[in-house]
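Structure record follows, encoded as structure tokens.
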Amino acid sequence: MAEEKQPVVREEVTPFLLKIYVQFNGHNSPAKYTKGKTPSQDYELQMYTWKDATLRELTQLIQEGVPEARESDAHLAFRLMYLNTKNGNTEHRELEVIHGTNASNNEDQSLEKIGFITGDYLDVAIWDGPPRPTREPERPRPAQGGGGGGGRDRDRRGRRDSYHRR
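For the working numbering, add 28 to where a residue sits in the sequence shown, where the first one is 1.
Here you go:
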């Protein structure tokens, strides 16, 4: 049977710190996320949120701190940045493009659903105008659990591997 997710009671659950790095007209280079380094703090947003926060909710929070994201034809492309603990490299996965003011496909995806783990980052590209193709060919996120310790407890779809649940 599939495990049913319980909604987060935000009045009772402590939020976690989420760091979002913004770049205009394209994403930050993955090379800027290497071995404890991150892109310039000039474009860093820090917010406290919960695992059930949606991409639309995050878009609205970004718009509060980044005036360019409020433009009527602004688009925000989300990318998940995470550490591959098997090889020590920072890797990424393209998520969704959210229109700043109009409804977008999959804007109701939560951080939990996209496979976010505390310590990951979001890299957000912001631009005005029509949507641009930002998705790279789909590569499954490598499974990094199992023996030897140190691997992430995820399956290839970014879901928590039930073997490692505590």
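All C-beta atoms, glycine included, are put in the ideal place defined by N, C-alpha and C.
Quick one: what does DSSP say arginine 98 is sitting in, helix, strand or coil?
For the purposes of this step, residue 98 is taken as the residue at position 70 of the sequence shown. Here arginine 98 sits in helix by DSSP.
Under three-state DSSP, which class holds arginine 38?
What you label residue 38 is simply residue 10 of the sequence shown in a count that begins at 1. Three-state DSSP puts arginine 38 in coil, outside helix and strand.
Inspect the CB distances between the region 133-142 and the region 109-120 and report whether three or more fall short of 8 Å.
no
Starting from threonine 77, trace the alpha helix (DSSP H) both ways and give me its first and last residue.
Reading the sequence shown from its first residue, position 49 is the one you call residue 77. Per DSSP, threonine 77 belongs to no alpha helix (DSSP H); it is in the beta strand (DSSP E), 72-77.
Could you give the DSSP three-state label for tyrosine 47: helix, strand or coil?
Mapped onto the sequence shown, residue 47 falls at position 19. The sequence shown places lysine at residue 47, rather than the tyrosine named in the question. Strand, per DSSP.
For a test of the three-state rule: what should DSSP assign to leucine 108, helix, strand or coil?
By 1-based counting over the sequence shown, the position of residue 108 is 80. In the structure shown, leucine 108 sits in a strand (DSSP, three-state: E or B).
Below 7 Å CB to CB, which residues in the same chain sit around threonine 127 once its five sequence neighbours on both sides are set aside?
In the sequence shown, the residue the question calls residue 127 occupies position 99. It should be noted that the sequence gives histidine, not threonine, for residue 127. Closer than 7 Å at Cβ, skipping near neighbours: His103.
Measure the C-alpha to C-alpha separation of aspartate 148 and threonine 66 and round it to an integer number of angstroms.
Taking the sequence shown and counting its residues from 1, one reaches residue 148 at position 120. Taking the sequence shown and counting its residues from 1, one reaches residue 66 at position 38. Cα to Cα, the separation comes out at about 11 Å.
With burial defined as no fewer than 16 other Cβ atoms inside 10 Å of the residue's Cβ, what is the status of valine 50: buried or exposed?
Taking the first residue of the sequence shown as position 1, residue 50 is located at position 22. Per the 10 Å Cβ criterion, buried.
Give the single residue among Met75, Met109, Arg84 whose Cα lies nearest to the Cα of threonine 42.
Here the question's residue 42 lines up with position 14 in the sequence shown. When each option's Cα is compared against that of threonine 42, the closest is Met75.
Keeping to the same chain, check which residues put their C-beta closer than 7 Å to that of leucine 45; ignore five residues upstream and five downstream.
In the sequence shown, the residue the question calls residue 45 occupies position 17. Result list for leucine 45: Gln74, Tyr76, in chain order.
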